[in-house]
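Just below is one structure, and these are the notes that go with it.
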Amino acid sequence: MSRLVALPLSKSFQMAYQSIRVRFFRSLVTTMSLVLAVAFLTFIQTGNDMASGLLQSGEQSIERSLTQAGYDIDPITKTIVSSAKQRWIVFLSLLTCVVGIINAQLMSVTERFREIGTLKCLGALDRFIVRLFVIEATLQGLAGGFIGALLGGLIGLASSFFTFGFSTVAFIPWTNICLTMLYAMCLGTFLSLIGVLYPAIVASRMQPVEAMRVEQ
Amino acid sequence: MSDKNNIVRVSGVTKNFDLGKIVVKVLKGIDLEIKAGKYISIMGPSGSGKSTLFNMIGGLDKPTSGKVFIDEVDIAQLDAYELAWLRCRKIGYIFQTFNLIPVMTALENITIPMTFAGVSADDANKRGMKLLTQVGLDGRHSHRPSELSGGQQQRVAVARALANNPAIILADEPTGNLDQTTGEDIISLLKNMSLDRGVTIISATHDYKMLNVSDQVIWIRDGRIDKIQDRHELDIQTGGLGNAHETSARE
Numbered sequence: 000m001s002r003l004v005a006l007p008l009s010k011s012f013q014m015a016y017q018s019i020r021v022r023f024f025r026s027l028v029t030t031m032s033l034v035l036a037v038a039f040l041t042f043i044q045t046g047n048d049m050a051s052g053l054l055q056s057g058e059q060s061i062e063r064s065l066t067q068a069g070y071d072i073d074p075i076t077k078t079i080v081s082s083a084k085q086r087w088i089v090f091l092s093l094l095t096c097v098v099g100i101i102n103a104q105l106m107s108v109t110e111r112f113r114e115i116g117t118l119k120c121l122g123a124l125d126r127f128i129v130r131l132f133v134i135e136a137t138l139q140g141l142a143g144g145f146i147g148a149l150l151g152g153l154i155g156l157a158s159s160f161f162t163f164g165f166s167t168v169a170f171i172p173w174t175n176i177c178l179t180m181l182y183a184m185c186l187g188t189f190l191s192l193i194g195v196l197y198p199a200i201v202a203s204r205m206q207p208v209e210a211m212r213v214e215q
Numbered sequence: 000m001s002d003k004n005n006i007v008r009v010s011g012v013t014k015n016f017d018l019g020k021i022v023v024k025v026l027k028g029i030d031l032e033i034k035a036g037k038y039i040s041i042m043g044p045s046g047s048g049k050s051t052l053f054n055m056i057g058g059l060d061k062p063t064s065g066k067v068f069i070d071e072v073d074i075a076q077l078d079a080y081e082l083a084w085l086r087c088r089k090i091g092y093i094f095q096t097f098n099l100i101p102v103m104t105a106l107e108n109i110t111i112p113m114t115f116a117g118v119s120a121d122d123a124n125k126r127g128m129k130l131l132t133q134v135g136l137d138g139r140h141s142h143r144p145s146e147l148s149g150g151q152q153q154r155v156a157v158a159r160a161l162a163n164n165p166a167i168i169l170a171d172e173p174t175g176n177l178d179q180t181t182g183e184d185i186i187s188l189l190k191n192m193s194l195d196r197g198v199t200i201i202s203a204t205h206d207y208k209m210l211n212v213s214d215q216v217i218w219i220r221d222g223r224i225d226k227i228q229d230r231h232e233l234d235i236q237t238g239g240l241g242n243a244h245e246t247s248a249r250e
């Protein structure tokens, strides 16, 4: 008899999807923190993209309103200088993103230790457990990252219309904004994976009883 | 080695729990042989180490010293793959807290072990439905654990334990979270399964209802085996459940 223990990939996807769907509210909370973090990052970056785009249009009035809005412009090269303040804001938004997402994913694994122990009793290998969580986190990361990037991008655009007027529509740097959104979405997914990987690996390596002994 | 009938052999098993400042010796050297097809109860007061022994037999935890053999295979020698295979095919587990996967339906809970064992989805569903009928849960296949009562959840757990036709079923306080009648139902279900399928049932418990159906009772006290009684000895010595209780309390 072959000593085979298997979990087909399609079944893993089905189990991960089902876990998200049934625990919808809980998944929503996890995903929401992802959405907010990614949205904040995208918002800040879109603002910067917009400012650079506007500056390249070369209009004098815009230069003035950019300075008024708090952007530092290099008088010689005519580009947005990334000041200490700017870098600090981007850093902060990244930090929010990292802490928020990792915290949410850590919690979502920790509260399922018993389930992990049970699956191991039923014959799951360590990597089945890790795989299930990785798929789940990727799905959440992609969905949350997409919504967050969209949300942050839209709010970023709206806020610059509000500050600089609707005449700026012509100068929107679409490519840069799309790249920003893509980058934020990937970062969100990546962090979601990082957040889930560590606790999932720890949990999957536990003896089943240890995992089940954890107070819920 | 010893005769083939020993499905489980425990030799010189000790287990210490390191709690930082103190080391608690839970098992102090257990030697045990369990014959195939029997219904065994491990009895003892809480804290006597019966659950720990149960976990050692099931390969759920590692002994500090000593060896556990399942089918004369030392389970400490198995790699992760073989251990998973053992848990999947050879042993079925039943827990006090049921431990069903909350997001899955009754049928899905039963078919997970079959999926791990490489059974196709169709076959698994067919077998799962049959098992549900056998444990008396006809038509409840699409219910989630939260929609089932405690007794019904434990029935699903029994069906799940039987999913891959294991040689051994390990039940840790299977009636601990159930009321009197439901507990009796589960016990008779286990007994019937053991008679029908020739499965060895090993159950850690302090429920005296279990004595009625057990072929052998292993009394554990302070991490050692106090005594092992066969069914006929039980009847002669104690002459009833109430007396059994008193006898064990007096000793």
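Respectively, the protein sequence lines represent chains A and B. Take the first sequence: its position 172, counted from the start at 1, is 171 in numbering that gives the first Met the number 0, and no numbers get skipped. Take the second sequence: its position 177, counted from the start at 1, is 176 in numbering that gives the first Met the number 0, and no numbers get skipped. Positions of the beta carbon are idealized from the N, C-alpha and C atoms, including for glycine.
- L178 (chain A) has its alpha-carbon roughly 10 Å from the corresponding atom of P172 (chain A).
- In this structure, DSSP gives F189 (chain A) a helical state, which the three-state scheme calls helix.
- Under the Cβ criterion of 9 Å, Q139 (chain A) is not counted among the residues facing chain B.
- The alpha carbon of G140 (chain A) has as its nearest neighbour, out of A:G151, A:L93, A:F189, the alpha carbon of A:F189.
- Under a 10 Å Cβ-count criterion, T167 (chain A) is classified as buried, with 16 or more other Cβ atoms of the shown protein chains found around its own Cβ.
- As DSSP reads the structure, Y92 (chain B) sits in a beta bridge with B:L169.
- At a cut-off of 9 Å between C-beta atoms, M211 (chain A) counts as an interface residue with respect to chain B.
- Against chain B, the CB of F127 (chain A) has a partner CB under 9 Å away; the residue lies at that interface.
- Sequence-ordered contacts of the segment 115–126 of chain B with chain A read F115, A116, G117, A120 [C-beta pairs closer than 9 Å].
- The continuous beta strand (DSSP E) containing I201 (chain B) extends over residues 199–204.
- With a threshold of 16 other beta carbon atoms within 10 Å, G69 (chain A) falls short and is exposed.
- From the listed residues B:L194, B:R230, B:W218, the smallest Cα separation to G36 (chain B) is found for B:L194.
- Every unbroken stretch of the alpha helix (DSSP H) spanning 4 or more residues and falling wholly within the segment 72–156 of chain A is given here in chain order: 83–109, 112–120.
- In the structure shown, the three-state DSSP call for Y70 (chain A) is coil.
- Taken through DSSP and simplified to helix, strand or coil, Q228 (chain B) comes out as strand.
- Excluding the 5 residues flanking it on each side, L31 (chain B) has same chain C-beta neighbours closer than 6 Å at V9, in chain order.
- Of all residues in the segment 189–206 of chain A, only Q206 place a beta-carbon less than 7 Å from a beta-carbon of chain B.
- Within the segment 33–79 of chain B, complete alpha helix (DSSP H) segments of at least 4 residues are found at 49–56, given in chain order.
- Under DSSP, R220 (chain B) shares a beta bridge with B:R223.
- D73 (chain A) sits exposed, since fewer than 16 C-beta atoms from the chains shown fall within 10 Å of its C-beta.
- In the three-state reduction of the DSSP assignment, V34 (chain A) falls in the helix class, which pools H, G and I.
- For the segment 104–115 of chain A, the set of positions with a beta-carbon nearer than 8 Å to some beta-carbon of chain B reads R113, E114 in chain order.
- Membership of F97 (chain B) in any alpha helix (DSSP H) is not indicated, and neither H nor E is assigned to it by DSSP.
- In this structure K49 (chain B) is not in contact with G57 (chain B), their Cβ atoms being roughly 12 Å apart against a cut-off of 8 Å.
- For F16 (chain B), the uninterrupted beta strand (DSSP E) segment begins and ends at 5–17.
- In chain A, no part has a C-beta under 9 Å from the C-beta of V212 (chain B); the shortest such distance is about 24 Å.
- Per DSSP, N108 (chain B) is one residue of the alpha helix (DSSP H) stretching across 105–115.
- Below the 7 Å Cβ cutoff, chain B contributes V102 as neighbours of R22 (chain A), in chain order.
- Contact between the segment 108–121 of chain B and the segment 58–78 of chain B is absent, with fewer than three C-beta pairs closer than 8 Å.
- Assignment of V22 (chain B) by DSSP, reduced to helix, strand and coil, places it in the strand class.
- The beta-bridge partner set that DSSP reports for I29 (chain B) consists of B:V12.
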